[in-house]
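To start, the structure itself, in structure tokens.
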Amino acid sequence: MDNKLKILIVGSGPSAYGFLNSINNFKKYEITLIDNSEIIEPNTTECIFKQSFKGGSRLLSSRIYKDILISEDFGGFSNFWGGTYDNPEEKIIESFSKCGIDFKIYLNIVDDLIAKLINNKSLEKQNTKNIYLDTLFPDSFFNNLNDNGFNFKSSEIAINDHLKDEFTRGDICEFCRGFRSMCKENSIWSTSTYFLKLINDNKIIYEKNSKLDKFFEKDDKVFCTIIKDGNPVEIVYDKIILAAGPVGTSEILLKSNLSRNIEIQTSDMIQLPFIKFFRTKKKLHSFSDLFTSIKINDYLTYHQIYLYSDSVLKLSEEKIRFAKLSRFLPKKILSMFGGIFIYLDSNISSKIIMSLENNEIKKEFIDENKTLKKRIFKDFNKKLSKLNIFGLNFLKKEYFNGLTYHFGSQFPLNNITTTNSSNILGKIPEFENVHIVDSSVLPKINTGPGVKTIIANSYRIGQELFD
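In our numbering, the protein residues as written are 327 to 793.
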């Protein structure tokens with residue numbers, strides 16, 4: 327008789343990655359992974375900048391999703407944004423502490439899991455865990471940041487390990503004129519490689535073309551309706567691990583007779599092109615160059631600063647007016663330009679309300695702080711000017727209603743499970759054998775990058791559940 331615990335994991339993004347890394351002995355479990363996506367092998371030879379992009383990110387315009395808030399790529403949004411990497415804000419760590427969790431332990435574990443980081447220090451320095459880039463900013467700029475109350479650190483980008491040798495040689499791409507190791511479709515670290523190895527090694531079962539529609543619990547089992555190749559199939563599991571992302575997870579719960587509306591928190595973002603009046607070194611990649619943060623009107627703002635490069639310009643062409651024309655300007659003039667992503671505290675950002683009506687999922691977007699956000703943006707511009715950076719406000723773009731892909735916390739972690747929260751194992755009151763491990767159960771949406779926080783929390787839940 328097979329006594330293995332049957333576990334269904336829904337999703338192939340960072341939260342599923344963290345959970346599976348917490349399992350020491352796969353032989354003890356029968357683990358099935360499903361994801362509403364198709365496995366597409368990335369192009370590892372062509373420069374990605376020969377294609378067009380959505381929204382100033384590395385999300386290709388050729389990728390069309392039915393729901394823009396749910397990825398249909400194997401590996402989820404980690405294929406496009408998973409490389410941006412930083413610790414959560416202190417308030418989030420404090421929230422874990424209130425629940426008796428030393429979250430810094432798990433953040434350190436994630437450092438070892440990701441292992442390969444680019445953190446903009448020196449091209450000369452290298453060890454088994456890190457690859458470094460030259461900082462492009464002069465010392466005077468960092469002094470100016472410090473004098474004006476900004477917190478700052480060199481940006482960290484998780485890059486695929488196999489590109490290390492190519493990067494060390496400093497190979498340059500003829501098309502984008504940047505580092506050849508950073509212009510491939512698979513340059514950014516994503517979860518896909520990890521999952522494919524587990525599948526190929528027969529450590530987990532992968533059900534292709536499958537999607538969890540709904541489930542119910544009975545006799546300590548979870549009875550799942552899975553849509554496979556367009557047809558409903560009923561399968562019974564001992565546990566479900568929901569790692570489908572906040573919107574995907576919420577859809578499944580609503581269809582599974584969760585009787586209330588779900589409110590998803592977000593961190594809104596403003597994309598602001600700028601012109602600077604100080605010199606920086608030549609940039610040879612499309613990634614962010616610096617992370618900064620500062621409180622404005624008692625609300626945290628977090629920033630990713632991008633200096634000009636040919637590839638950054640290519641990313642911006644579809645979203646920023648005049649970007650296509652600017653390519654004809656002299657390089658000396660172009661080097662004065664850049665862009666900044668300004669992320670706003672989730673307490674003042676827009677919200678997504680999800681409900682089920684007549685078996686259809688409805689989404690409503692709520693934004694109650696427009697005036698406050700305008701005031702914060704205005705005050706932030708004043709802060710920028712003291713750094714000799716001047717925002718081109720007529721070119722700014724707003725990414726609200728979840729379009730930053732920084733969203734979740736609809737069931738924030740709590741010591742006691744309540745109607746609108748989860749316990750430390752990612753359980754909500756209605757379901758006993760269902761555990762949510764994605765950003766849905768984070769105590770707060772981080773104002774900065776969330777990937778590290780998501781992986782650390784899902785790893786923690788897996789470790790406390792099984793090993």
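We put the beta carbon where it would ideally sit given N, CA and C, even for glycine.
From a predicted model like this one, the values you see are computed outputs, not experimental measurements.
Spatially closest choice to residue i from the options, by CA coordinates
i    : options                : result
N684 : L610, L729, K581       : K581
Q591 : F737, N472, L626, K700 : F737
D624 : D705, I418, I659, F667 : D705
Q377 : W515, L641, F478, Y628 : L641
F663 : E543, L718, E724       : L718
I659 : L633, H732, F667       : L633
T519 : G788, Y343, S397       : Y343
S480 : G496, L462, F429, N474 : L462
F600 : K544, D564, K708, S576 : K708
H365 : I525, N746, D546       : Per the sequence presented here, residue 365 reads as Ile, with His not at that position. The shortest C-alpha separation from I365 is found at I525.
R586 : K544, T745, I620       : T745
K700 : E724, K688, F352, D361 : E724
T773 : P656, N413, T575, F792 : N413
D473 : E790, E415, L710       : L710
E758 : F541, S388, S383       : F541
L579 : V559, P558, V548       : V548
I552 : D539, D545, K689, D546 : D539
Nonlocal neighbours in the same chain, by C-beta distance under 7 Å from residue i, ignoring five residues either side
i    : result
N714 : K602, F603, F604
S676 : T592, D594, F691, I692, D693, F726, N727
D636 : C502, R503, G504
L522 : none
N417 : A small correction: the amino acid at residue 417 is Lys; Asn does not occupy that position in the sequence shown. Cβ neighbours of K417 beyond the five flanking positions: K770.
Y731 : F403, W407
E589 : K677, I679, Q736
D361 : G337, S338, F400
L385 : F379, F406
C-beta contact flag for residue i and residue j at 9 Å
i    : j    : result
I567 : C550 : no
L357 : K529 : The sequence given here has Ile at residue 357, not Leu. Against a cut-off of 9 Å, the Cβ pair of K529 and I357 comes out as a contact.
L616 : I631 : yes
D671 : L626 : yes
P775 : Y411 : yes
I319 : G556 : Nothing about residue 319 can be read from this structure; the chain reaches only from 327 to 793.
E577 : M680 : yes
I274 : K565 : No answer is possible for residue 274: the residues shown for the chain start at 327 and end at 793.
I419 : I750 : no
L768 : G734 : yes
I668 : F703 : yes
S363 : D399 : yes
F379 : E686 : no
As assigned by DSSP and simplified to three states, the class of residue i
i    : result
F478 : strand
L721 : helix
E372 : coil
L574 : Checking the sequence, you will find Gly at residue 574 rather than Leu. If DSSP states are grouped into helix, strand and coil, G574 belongs with the helices.
T779 : helix
A569 : coil
I674 : coil
E756 : coil
N446 : Model confidence at N446 stands at a pLDDT of 35, short of 50, so the residue's coordinates are unreliable; what they give is reported in the following sentence. Coil at N446, not helix or strand.
T454 : Residue placement at T454 cannot be trusted, given a pLDDT of 36 that sits under 50; the coordinates are not used to answer.
I431 : helix
I377 : For the sequence presented, residue 377 should be read as Gln rather than Ile. Three-state result, Q377: coil.
T730 : coil
Q736 : coil
V763 : coil
L610 : coil
N347 : helix
L439 : helix
Residues near residue i in its chain [Cβ-Cβ closer than 8 Å; skip 5 each side]
i    : result
D393 : V573
N470 : K712, L713, N714
K753 : T743, V760, H761, I762
S423 : F429
S747 : F737, P738, L739, N740, I754
F468 : F478
Cβ shell of residue i (< 6 Å), same chain only, five flanking positions each side left out
i    : result
T618 : F476, F478, H629
S784 : S341, G344, F345, V763
C373 : C499, F501, C502, C509
N695 : I674
L359 : I335, I530, Y532
S404 : G339, P340, S516, T517
V436 : K778, I781, A782
K554 : S536
K330 : Y355, E356
Q789 : S348
Any chance the stretch 756 to 764 sits against the stretch 605 to 617, with 3 or more Cβ pairs inside 8 Å?
Contact between the stretch 756 to 764 and the stretch 605 to 617 is not established, with fewer than three Cβ pairs separated by less than 8 Å.
Using 8 Å as the Cβ pair cut-off and three pairs as the minimum, do the stretch 523 to 542 and the stretch 345 to 354 touch?
Segments in contact, yes.
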